[in-house]
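Colleague:
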Amino acid sequence: MTTGRSHEERLEAYETAKSIGNYLGLYLDRGQGVRLGESCVVSLKDHEVAAVVRGHVKVLTNRDAGQVLLDYIDPQMVVNLNVFHGPGIPDPCAVARKIYSAIEDYITIEIPRLTAAEDEKLEHMTDYAMKLQVSTRGGKGLVWDLISGRVEPIEDRQRGGNFVQVLAKLSSDKYGIILPIAVAVEEALIETGLELGKVKKISHIIAKQKEKQEGGASIPIPWKRFKNANYQLMKESQNQLLMKLAEKFGSVQDLEDFVDSFSTKLFQRTDPKPKGKELEERTRELKELGLVKDSWLGPVLTKEGKEVREYLINHKCELEAEMRRKIRKSPGRPGSFQKSGSSPHKMSPIQYTNRNKTIRLNSGFWSGDLAVPETVIQAKKNCLMRKERRLRISKDDLYIYRKRSYVPVDICLLIDASGSMVGEKWEAACFLAEHLLLTGKEKVAVVTFQEMRSQVVVPFTRNQQDLIRGLNRIRPVGMTPLADGIITAVDLILSSRPHNPTLVLITDGLPNYPLWSFDAEKDALEAAARVPKNKIRLICIGVEANRGFLERLADVGQGKLFVVDDLNSANLINIVKHEKRLMNLAEKTSAGAN
Numbered sequence: 040m041t042t043g044r045s046h047e048e049r050l051e052a053y054e055t056a057k058s059i060g061n062y063l064g065l066y067l068d069r070g071q072g073v074r075l076g077e078s079c080v081v082s083l084k085d086h087e088v089a090a091v092v093r094g095h096v097k098v099l100t101n102r103d104a105g106q107v108l109l110d111y112i113d114p115q116m117v118v119n120l121n122v123f124h125g126p127g128i129p130d131p132c133a134v135a136r137k138i139y140s141a142i143e144d145y146i147t148i149e150i151p152r153l154t155a156a157e158d159e160k161l162e163h164m165t166d167y168a169m170k171l172q173v174s175t176r177g178g179k180g181l182v183w184d185l186i187s188g189r190v191e192p193i194e195d196r197q198r199g200g201n202f203v204q205v206l207a208k209l210s211s212d213k214y215g216i217i218l219p220i221a222v223a224v225e226e227a228l229i230e231t232g233l234e235l236g237k238v239k240k241i242s243h244i245i246a247k248q249k250e251k252q253e254g255g256a257s258i259p260i261p262w263k264r265f266k267n268a269n270y271q272l273m274k275e276s277q278n279q280l281l282m283k284l285a286e287k288f289g290s291v292q293d294l295e296d297f298v299d300s301f302s303t304k305l306f307q308r309t310d311p312k313p314k315g316k317e318l319e320e321r322t323r324e325l326k327e328l329g330l331v332k333d334s335w336l337g338p339v340l341t342k343e344g345k346e347v348r349e350y351l352i353n354h355k356c357e358l359e360a361e362m363r364r365k366i367r368k369s370p371g372r373p374g375s376f377q378k379s380g381s382s383p384h385k386m387s388p389i390q391y392t393n394r395n396k397t398i399r400l401n402s403g404f405w406s407g408d409l410a411v412p413e414t415v416i417q418a419k420k421n422c423l424m425r426k427e428r429r430l431r432i433s434k435d436d437l438y439i440y441r442k443r444s445y446v447p448v449d450i451c452l453l454i455d456a457s458g459s460m461v462g463e464k465w466e467a468a469c470f471l472a473e474h475l476l477l478t479g480k481e482k483v484a485v486v487t488f489q490e491m492r493s494q495v496v497v498p499f500t501r502n503q504q505d506l507i508r509g510l511n512r513i514r515p516v517g518m519t520p521l522a523d524g525i526i527t528a529v530d531l532i533l534s535s536r537p538h539n540p541t542l543v544l545i546t547d548g549l550p551n552y553p554l555w556s557f558d559a560e561k562d563a564l565e566a567a568a569r570v571p572k573n574k575i576r577l578i579c580i581g582v583e584a585n586r587g588f589l590e591r592l593a594d595v596g597q598g599k600l601f602v603v604d605d606l607n608s609a610n611l612i613n614i615v616k617h618e619k620r621l622m623n624l625a626e627k628t629s630a631g632a633n
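Right under this line is the structure:
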């Protein structure tokens with residue numbers, strides 16, 4: 040049940056909580072701790088209470104709360120909230136009930152329709168209750184478990200601590216719930232008869248690193264520390280582990296294929312795709328994680344490796360969906376980049392029917408679809424006003440659907456796959472390709488150039504699996520035949536006839552293998568001249584060291600040049616999305632002028 044406060048008071052409290060949440064986000068994202076009121080400390084880090092100075096709380100800046108306290112793999116996923124009190128043992132169930140009530144009060148103000156939708160409200164409350172873990176000297180557990188009376192014993196590290204700890208898995212846009220949770224904990228402590236403690240000082244320190252045991256894994260393994268953990272936290276940590284591995288291997292399917300190559304059943308083994316040094320490196324990583332061991336058959340799965348394989352097979356669809364969500368997510372803020380050049384090519388918009396909006400027909404001629412339901416309703420109204428018994432549709436009753444237009448931009452990525460692109464730069468370019476495919480309606484193609492030739496890795500497609508398969512075939516190595524790459528990309532665009540074709544060149548070097556003459560740079564400039572002749576937009580993305588040549592290339596190709604400090608995924612994605620927005624904006628401006 041919600042509290043007995045008036046709606047205006049609850050609304051004011053909600054606005055305050057949202058403001059505090061925005062304020063917290065500024066500090067938490069920078070790794071800093073914040074004092075809420077006099078008795079609460081909140082951060083994304085682990086906390087330590089000073090033994091000498093009373094009321095002194097240390098925020099351990101190098102110990103992420105989720106990774107240290109819940110064995111999460113990704114950092115900055117868990118908010119650590121400590122509310123301090125005097126001597127005594129708070130009832131964790133009473134604290135959980137107060138928090139659950141505060142959640143209900145908060146979400147019914149945030150989403151007003153929930154007051155009349157009990158099932159949906161319960162779903163939202165359950166979602167929060169499954170992401171909040173409460174620990175006191177009397178026990179611990181998820182809020183969902185504690186309100187049902189299911190209490191787990193606490194760990195030794197908290198037996199002497201006079202504070203209530205709440206670990207909350209919250210994204211930054213949900214920080215508004217932090218203040219209501221802190222207030223609820225304080226109210227529960229006061230009702231129990233305990234005095235609230237006072238936090239007099241917060242300091243930020245770097246904790247001493249514990250010595251690593253031999254054979255320790257570089258990524259935390261869920262089953263090695265989750266002895267008494269609930270299923271929900273175990274599942275989340277396994278998901279994170281497999282997501283990290285899938286990112287390394289390119290996709291969930293590639294990870295599954297690679298794990299299958301270590302099956303203990305000889306005839307079920309598959310041939311691993313990575314070869315040579317890459318195969319050795321990937322195998323070594325799985326050995327360090329305790330998933331693979333050596334045997335007389337060669338490397339085989341351990342007991343934990345078999346568990347991972349089974350989990351991977353049973354949750355494959357879920358993991359692939361999570362992988363797609365992660366790729367769609369907008370990247371962080373880009374680094375600095377400098378832009379030059381412009382493109383003279385006009386864009387060709389596509390019109391489509393917007394069936395969510397209708398307009399009245401004002402003339403006898405129209406191009407579009409008749410909005411039949413709205414037309415019949417208007418005709419019926421007019422017949423009633425004219426007191427006519429039979430339905431008669433006249434010209435004045437006609438409604439049509441509005442039309443909208445957008446500019447489709449089919450993108451061909453021309454990626455440098457020479458030896459200098461190996462590692463993070465190549466991974467960033469591949470990530471860009473997948474991001475564009477999953478976040479837009481348009482087609483994406485990939486052409487690479489390396490060694491002495493270029494090739495169409497992925498023709499224009501909307502299929503993610505085709506894109507992944509094509510990208511996984513390429514291993515950056517060798518020289519930079521840029522001229523051949525440009526010619527191959529132009530030929531692909533001409534043969535595919537995409538909408539508003541845009542060629543995005545990504546390179547960190549200079550051309551060093553010619554196509555027609557003995558001058559690689561001259562050949563590349565001559566090839567670039569064919570881009571504007573075929574009405575193709577050109578975007579060049581490169582590094583400062585090669586600025587002079589890239590400026591000439593962009594000038595000849597009548598395109599734009601972006602010089603970045605680093606070829607990372609955030610820079611690449613933000614540049615391409617920025618250009619796509621400008622193309623749509625230019626078309627809307629042009630349409631408005633006409």
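Going from the sequence shown to the working numbering is simple: count from 1 and add 39. All C-beta atoms in this analysis are idealised placements derived from N, C-alpha and C, irrespective of residue type, glycine included.
Shortest alpha-carbon distance to S457 belongs to which of K170, V516 and K396?
Modeller: The sequence position of residue 457 within the sequence shown is 418, counting from 1. Answer by Cα proximity: V516.
Colleague: Given that a residue counts as buried once 16 or more other Cβ atoms are within 10 Å of its Cβ, and exposed if not, what is R481?
Modeller: The sequence position of residue 481 within the sequence shown is 442, counting from 1. A small fix is needed here, since residue 481 is Glu in this sequence, not Arg. The residue in question, E481, is buried, as its Cβ has 16 or more Cβ neighbours within 10 Å.
Colleague: How many whole angstroms separate the CB atoms of L233 and G125, which I take to be in contact at a CB cut-off of 8 Å?
Modeller: Working through the sequence shown from its first residue, we reach residue 233 at position 194. Working through the sequence shown from its first residue, we reach residue 125 at position 86. The pair is a contact, with the Cβ atoms about 6 Å apart (cut-off 8 Å).
Colleague: List the DSSP bridge partners of Y438.
Modeller: Position 399 of the sequence shown, counted from the first residue, corresponds to residue 438. DSSP output for Y438 lists R399 as bridge partner(s).
Colleague: Could you check which residue in E159, L600, P219 and G524 has the C-alpha nearest to that of V81?
Modeller: Counted from its first residue, the sequence shown places residue 81 at position 42. Checking every option, the nearest Cα to that of V81 belongs to P219.
Colleague: Specify, as a first and last residue, the run of the beta strand (DSSP E) that P498 falls within.
Modeller: Taking the first residue of the sequence shown as 1, we reach residue 498 at position 459. Looking at the DSSP string, the run of the beta strand (DSSP E) that includes P498 is R492 to T500.
Colleague: Could you say if the region 145-163 and the region 176-185 meet the contact criterion of at least three C-beta pairs nearer than 8 Å?
Modeller: Segments in contact, no.
Colleague: Going by C-alpha distance, which of G76, N61, Y145 and H86 is nearest R49?
Modeller: Walking along the sequence shown from the start, residue 49 turns up at place 10. Of the listed residues, the one whose Cα sits closest to R49 is Y145.
Colleague: Using three-state DSSP, classify Q204 as helix, strand or coil.
Modeller: Position 165 of the sequence shown, counted from the start, is the residue given in the question as residue 204. Strand at Q204.
Colleague: Kindly indicate which residue of T487, V117 and I439 has the alpha-carbon position closest to the one of M460.
Modeller: In the sequence shown, the residue the question calls residue 460 occupies position 421. With distances taken between Cα atoms, M460 lies closest to T487.
Colleague: According to DSSP, simplified to helix, strand and coil, what is P151?
Modeller: Numbered from its first residue, the sequence shown carries residue 151 at position 112. P151: helix per DSSP, three-state reduction.
Colleague: With distances taken between CB atoms, is the gap from A567 to I525 smaller than 8 Å?
Modeller: Along the sequence shown, read from residue 1 onward, the residue named residue 567 stands at position 528. Along the sequence shown, read from residue 1 onward, the residue named residue 525 stands at position 486. Against a cut-off of 8 Å, the Cβ pair of I525 and A567 comes out as a contact.
Colleague: Please confirm whether any heavy atom of the ligand GDP lies closer than 7 Å to the CB of A227.
Modeller: As presented, the structure is devoid of all ligands, the ligand GDP included, so that no description of it is given.
Colleague: According to DSSP, which residues form a beta bridge with A484?
Modeller: For the purposes of this step, residue 484 is taken as residue 445 along the sequence shown, with counting starting at 1. Per DSSP, C451.
Colleague: By the 10 Å Cβ neighbour count, where 16 or more other Cβ atoms means buried, how is M424 classified, buried or exposed?
Modeller: Mapped onto the sequence shown, residue 424 falls at position 385. Looking at its Cβ environment, which holds fewer than 16 other Cβ atoms inside 10 Å, M424 is exposed.
Colleague: Is it buried or exposed for Q252, if we count other Cβ within 10 angstroms and need 16 for buried?
Modeller: Translated into the one-based positions of the sequence shown, residue 252 becomes position 213. With a pLDDT of 38 at Q252, under the threshold of 50, the modelled position of that residue is not reliable, and no figure is offered here.
Colleague: Tell me the residue span of the beta strand (DSSP E) that contains S457.
Modeller: Start at 1 with the first residue of the sequence shown, and residue 457 comes out as number 418. Looking at the DSSP string, S457 is not in any beta strand (DSSP E), and its letter there is neither H nor E.
Colleague: In whole angstroms, what is the alpha-carbon distance linking T546 and I245?
Modeller: Position 507 of the sequence shown holds residue 546. Position 206 of the sequence shown holds residue 245. In a straight line, the C-alpha of T546 is about 39 Å away from that of I245.
Colleague: Evaluate contact between the region 283-303 and the region 318-338, counting only Cβ atoms and requiring at least three cross-stretch pairs below 8 Å.
Modeller: Judged by Cβ distances under 8 Å, the region 283-303 makes contact with the region 318-338, as three or more pairs qualify.
Colleague: Starting from the Cα of I513, find the closest Cα among G60, A528 and W465 and give me that residue.
Modeller: Translated into the one-based positions of the sequence shown, residue 513 becomes position 474. For the residues G60, A528 and W465, the minimum Cα distance to I513 belongs to W465.
Colleague: Here's the rule I'm using: 16 or more other beta-carbon atoms within 10 Å means buried, otherwise exposed. How should D158 be labelled?
Modeller: Locating residue 158 in the sequence shown gives position 119, where the first residue counts as 1. Under this definition D158 is an exposed residue.
Colleague: With A168 and Y139 assumed to form a contact (beta carbons below 8 Å), what rounded beta-carbon distance in angstroms separates them?
Modeller: Locating residue 168 in the sequence shown gives position 129, where the first residue counts as 1. Locating residue 139 in the sequence shown gives position 100, where the first residue counts as 1. Confirmed, about 6 Å.
Colleague: Excluding the 5 residues flanking S535 on each side, which residues of the same chain have their C-beta closer than 6 Å to its C-beta?
Modeller: Working through the sequence shown from its first residue, we reach residue 535 at position 496. Excluding sequence neighbours, S535 sits near F499.
Colleague: Give the straight-line distance between the Cα atoms of G177 and V134, rounded to the nearest whole angstrom.
Modeller: Here the question's residue 177 lines up with position 138 in the sequence shown. Here the question's residue 134 lines up with position 95 in the sequence shown. Approximately 11 Å, taken between the alpha carbons.
Colleague: Can you list the beta strand (DSSP E) stretches of 3 or more residues lying completely in the region 586-631, in chain order?
Modeller: Within the region 586-631, the complete beta strand (DSSP E) runs of at least 3 residues are 599-603.
Colleague: Where R569 and V529 are concerned, what is the direct C-alpha to C-alpha distance, given to the nearest angstrom?
Modeller: The residue labelled residue 569 in the question sits at position 530 within the sequence shown. The residue labelled residue 529 in the question sits at position 490 within the sequence shown. When rounded, the distance between both Cα atoms is 8 Å.
Colleague: Could you check whether L228 and V190 sit closer than 8 Å to each other, using their CB atoms as the reference points?
Modeller: As a working note, residue 190 is residue 151 in the sequence shown. As a working note, residue 228 is residue 189 in the sequence shown. Against a cut-off of 8 Å, the Cβ pair of L228 and V190 comes out as no contact.
Colleague: Can you give me the C-alpha to C-alpha distance between K332 and K97, rounded to a whole angstrom?
Modeller: The residue you call residue 332 lines up with position 293 of the sequence shown. The residue you call residue 97 lines up with position 58 of the sequence shown. Whole-angstrom Cα-Cα distance: 41 Å.
Colleague: Considering only DSSP beta bridges, list what T165 is partnered with.
Modeller: Along the sequence shown, read from residue 1 onward, the residue named residue 165 stands at position 126. Paired residue(s): none; T165 is not in a bridge.
Colleague: Please report the distance separating the alpha-carbon of A584 from that of F470.
Modeller: For the purposes of this step, residue 584 is taken as residue 545 along the sequence shown, with counting starting at 1. For the purposes of this step, residue 470 is taken as residue 431 along the sequence shown, with counting starting at 1. If I take the Cα positions, the gap works out to 24 Å.
Colleague: Looking at L430 and T414, is the spacing between their C-beta atoms short of 8 Å?
Modeller: Against the sequence shown, residue 414 aligns to sequence position 375. Against the sequence shown, residue 430 aligns to sequence position 391. For T414 and L430, no; Cβs fall outside 8 Å.
Colleague: Give me the Cα-Cα distance between R635 and L521, rounded to the nearest whole angstrom.
Modeller: For residue 635 there is no data in the structure shown, the boundaries of the chain being 40 and 633.
Colleague: Using only CA atoms, which one of T165, T147 and I217 lies nearest to Y62?
Modeller: Looking up residue 62 in the sequence shown gives position 23. Selected option, being the one with the closest Cα: I217.
Colleague: Can you give me the C-alpha to C-alpha distance between S556 and L600, rounded to a whole angstrom?
Modeller: On the sequence shown, residue 556 is found 517 positions in, with the first residue counted as 1. On the sequence shown, residue 600 is found 561 positions in, with the first residue counted as 1. Spanning the two alpha carbons is a distance of roughly 26 Å.
Colleague: Mapping the DSSP letters down to three states, classify V291 as helix, strand or coil.
Modeller: As a first step, residue 291 must be located in the sequence shown, where it is residue number 252. Helix at V291.
Colleague: Can you list, in chain order, the residues of its chain with a C-beta nearer than 6 Å to that of S58? Leave out the 5 residues immediately preceding and following it.
Modeller: Here residue 58 corresponds to residue number 19 of the sequence shown, with the count starting at 1. So no residue of the chain qualifies.
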